[in-house]
Amino acid sequence: MEVSAKSINPLVLLQALILGILFIFVSHTLWVLAMELFLLLLTHYVLRVHITRGEGIGLVVGPVLWTALAYVNHQHGTALSAPQDGLRFLAALWLSILIIHMTSPSMMMHHLERRFKQWFGRRTIIGQVALMALLVMRYLPQLWITAKRVNADVRMRLQLVGGSGRWKDKIRFLTPLIMISIMHSDRIAEAIWARGWRPGQMPVVAPWTKRDTVITVTLWTIFLISWKALI
Amino acid sequence: MAILIENMVLPHSQLRIPRWSAPRQGLYGIVGPNGSGKSQFFSVLMRTLKPRLGKVSIENCRIGCVMQHPEHQLTEATVRDEMLWPFSRKQQVDHRFQNQLADVIQRWDLEVHWQQSPWTLSTGQKRRLILAVYDLLNPDVLLLDEPSEGLDGEWKKRLATWLTTRAGTRLTLITSHDWPWLLSFVGTGFWCEKTLDASPKDLGQLWYSHQLPTVNPLEQLWRELLNRNAPVSWRGWIDAEVALGQVVTLWKSVQNQ
Chain F
1 MEVSAKSINP LVLLQALILG ILFIFVSHTL WVLAMELFLL LLTHYVLRVH
51 ITRGEGIGLV VGPVLWTALA YVNHQHGTAL SAPQDGLRFL AALWLSILII
101 HMTSPSMMMH HLERRFKQWF GRRTIIGQVA LMALLVMRYL PQLWITAKRV
151 NADVRMRLQL VGGSGRWKDK IRFLTPLIMI SIMHSDRIAE AIWARGWRPG
201 QMPVVAPWTK RDTVITVTLW TIFLISWKAL I
Chain Y
1 MAILIENMVL PHSQLRIPRW SAPRQGLYGI VGPNGSGKSQ FFSVLMRTLK
51 PRLGKVSIEN CRIGCVMQHP EHQLTEATVR DEMLWPFSRK QQVDHRFQNQ
101 LADVIQRWDL EVHWQQSPWT LSTGQKRRLI LAVYDLLNPD VLLLDEPSEG
151 LDGEWKKRLA TWLTTRAGTR LTLITSHDWP WLLSFVGTGF WCEKTLDASP
201 KDLGQLWYSH QLPTVNPLEQ LWRELLNRNA PVSWRGWIDA EVALGQVVTL
251 WKSVQNQ
């Protein structure tokens, strides 16, 4: 995280990220895109952001691949629109990298959690979101594999005794799934807990300053005016 | 009983099985490095994995498997129910069955856990329970995936003894990275790395010819002796006393020269 932008509230930066990406992807005029890239370059040097080698490679390889895909897919009619698409992707990527260097995503989550808890009470918002993500990405595929293994065992045992099975055998796989789920959720909860998160506690975050209000208002004003005027 | 696999390529591990025909009976190791496709090979035999490439034919064959994770085989609330659920009430009251059950319970020392939930058992106890289940079910082909994991030295010995006594009546295929344990009672095995061997080879020779990473100093010493063509057996290192005897003999022969 760079020192120069440390005091800007992460929620302001989150808004800047969302609005910026939105703006970059809907700006089809070439000079607007050129201006965006110039502003990004300026921000980069003013804030003295030091990108890592991996990020640098990503900034080159990502847009090149994006350009190639855009060209191959022939979505744009002319050959020039493919590099323009690639440049838009470069701008979105660059903006994301700059913002992530100014504040960490976990800080954004903390601030967001605090805001949500102020509105909805001290409920487990981040925990719920994290568990939902884990459920979809890791947990359900794992359960599918486990269910297949349990069913294989049930089938083998029934074959070995020469039985055809009862209705209960069809749902036998649920027991290990539930038990393994409990054991896994325990580990997930432990991992989140070990990182300092507590469901009933308000995260301690830096206070919102007048400067944050000014930046947010400016950001939205620029976004709405330019949206109306240019897009 | 006949199992034949031809021209198969397994997904993920990309293990090729040009032709593999199951031996009729005996104890065989399925050995190879991590991720080489040993467990996937078992999945093919259990018919839970059906690769797009290749053909598998399994005829008149009752297969049982003790999986690597015993949790995938526990579906009941007590050890008793876990053992008995596949059997009908009529089978359960049969005298012969009851004698068999008593033998199995005694062999795997499950009496103290009889009314306990399988989920409260330790990993080794869970594995013993699943081994007991398949001991009672008595399949023609028994697949054991890392069966020594979680078992203490005494139970590893007992498992090896049980498997040896049943070697003449069934085919048992064992995957394990526990080389000293496997070498102590299994004679031959199939090497599984990129391609699954079509015919079994001496397990000691397989251990020596595939330079696997070693952590046991005695195992390292033995490799060194074999590399220098010393007249020692491939399996000498698994038993400290045997190793000592062979080294002393070797030392005496060197002295005499």
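Protein chains in written order, with my numbering: chain F, 1 to 231; chain Y, 1 to 257.
Where is the CB? At the ideal position from N, CA and C, for every residue including glycine.
As the structure is a prediction and not an experimental result, all values here were calculated from the model.
Residue i: first and last residue of the uninterrupted alpha helix (DSSP H) it sits in
i: Y:D103; result: H95 to R107
i: Y:S21; result: Y:S21 -> not in any alpha helix (DSSP H); beta strand (DSSP E) instead, spanning R16 to S21.
i: F:I243; result: Residue coverage of chain F in this structure runs from 1 to 231, which leaves residue 243 of chain F outside it and unanswerable.
i: F:G58; result: R53 to N73
i: Y:Q46; result: In the sequence under discussion, the amino acid at residue 46 of chain Y is Met, which differs from the Gln named in the question. Per DSSP, Y:M46 belongs to the alpha helix (DSSP H) from K38 to M46.
i: F:I99; result: S81 to M102
i: Y:G153; result: G153 to T165
i: F:I24; result: P10 to V26
i: Y:V79; result: V79 to L84
i: Y:L225; result: P217 to N227
i: F:P105; result: P105 to F120
i: Y:Q277; result: Only positions 1 to 257 of chain Y appear in the structure, and residue 277 of chain Y is not among them; the question remains open.
Segment limits, beta strand (DSSP E) that includes residue i
i: Y:I238; result: First-last for Y:I238: undefined, no H or E at that position.
i: Y:D145; result: V141 to D145
i: Y:I58; result: K55 to E59
i: Y:V9; result: A2 to V9
Bridge-paired residues (DSSP) for residue i
i: F:R36; result: For the sequence presented, residue 36 of chain F should be read as Glu rather than Arg. DSSP, once it has assigned bridges, lists no residue as partnering F:E36.
i: Y:Y28; result: Y:L173 and Y:T188
i: Y:P63; result: For clarity, residue 63 of chain Y is Ile in the given sequence; the question names Pro instead. DSSP lists Y:V141 as partners of Y:I63.
i: Y:E71; result: According to DSSP, Y:E71 bridges with nothing at all.
i: F:K170; result: Per DSSP, none; premise fails for F:K170.
i: Y:E193; result: Y:T195
Distance CB(residue i)-CB(residue j) smaller than 8 Å
i: Y:S36; j: Y:L53; result: no
i: Y:Q25; j: Y:G168; result: yes
i: Y:K38; j: Y:T164; result: no
i: Y:G189; j: Y:W234; result: no
i: Y:R89; j: Y:P139; result: no
i: Y:V56; j: Y:V66; result: no
i: F:A152; j: Y:M46; result: yes
i: F:L177; j: F:L143; result: yes
i: Y:E71; j: F:M179; result: yes
i: Y:S122; j: Y:A160; result: no
i: Y:W20; j: Y:I30; result: no
i: Y:L144; j: Y:T172; result: yes
i: F:N9; j: F:W208; result: yes
i: F:L219; j: F:L19; result: yes
i: F:L93; j: F:L59; result: yes
i: Y:G124; j: Y:L151; result: yes
i: Y:P118; j: Y:V93; result: no
i: F:L98; j: F:T43; result: yes
i: Y:T48; j: F:R172; result: no
i: Y:S209; j: Y:W181; result: no
i: F:R114; j: F:V12; result: no
i: Y:W258; j: Y:L218; result: Lying outside 1 to 257, the shown extent of chain Y, residue 258 of chain Y is not represented and no answer is given.
i: Y:Q259; j: Y:V232; result: With chain Y covering 1 to 257 only, the question about residue 259 of chain Y has no answer from this structure.
i: F:V61; j: F:G86; result: no
i: Y:R107; j: Y:W155; result: no
i: Y:Q100; j: Y:L136; result: yes
i: F:Y139; j: F:H184; result: yes
Any non-hydrogen atom of the ligand MN within 7 Å of residue i CB
i: F:H184; result: You won't find the ligand MN in this model; it holds no ligand whatsoever.
Contacts of residue i in chain B (Cβ-Cβ under 9 Å)
i: F:L158; result: Judged by its chain identifiers, the structure shown contains no chain B, and its protein chains are F and Y.
Taking a cut of 7 Å between CB atoms, which residues from the stretch 175-190 of chain F lie near chain Y?
-> T175, P176, M179 and I180
Contact set between the stretch 46-73 of chain Y and chain F, restricted to residues whose Cβ is under 7 Å from the partner = M46, T48, R62, I63, G64, C65, M67, E71, H72 and Q73
Going along the chain, which residues of the stretch 91-120 of chain F sit with their C-beta nearer than 9 Å to a C-beta in chain Y?
-> none
Residues of the stretch 96-129 of chain Y with a CB closer than 7 Å to any CB of chain F: list them in chain order, please.
-> W119
Positions along the stretch 136-160 of chain Y whose CB lies within less than 7 Å of some CB in chain F = L137 and P139
Proximal residues, the stretch 11-39 of chain Y versus chain F, C-beta separation under 8 Å | none
Return the residues of the stretch 194-220 of chain F that lie within a Cβ-Cβ distance of less than 8 Å from chain Y, sorted by chain order.
-> none
Looking at chain Y, which residues of the stretch 32-52 of chain F have a Cβ within less than 7 Å of any of its Cβ atoms?
-> none
Which residues, in chain order, does the stretch 73-94 of chain Y contribute to contact with chain F at a C-beta distance below 9 Å?
-> Q73, L74, T75, E76, A77, W85, P86, F87, S88 and Q91
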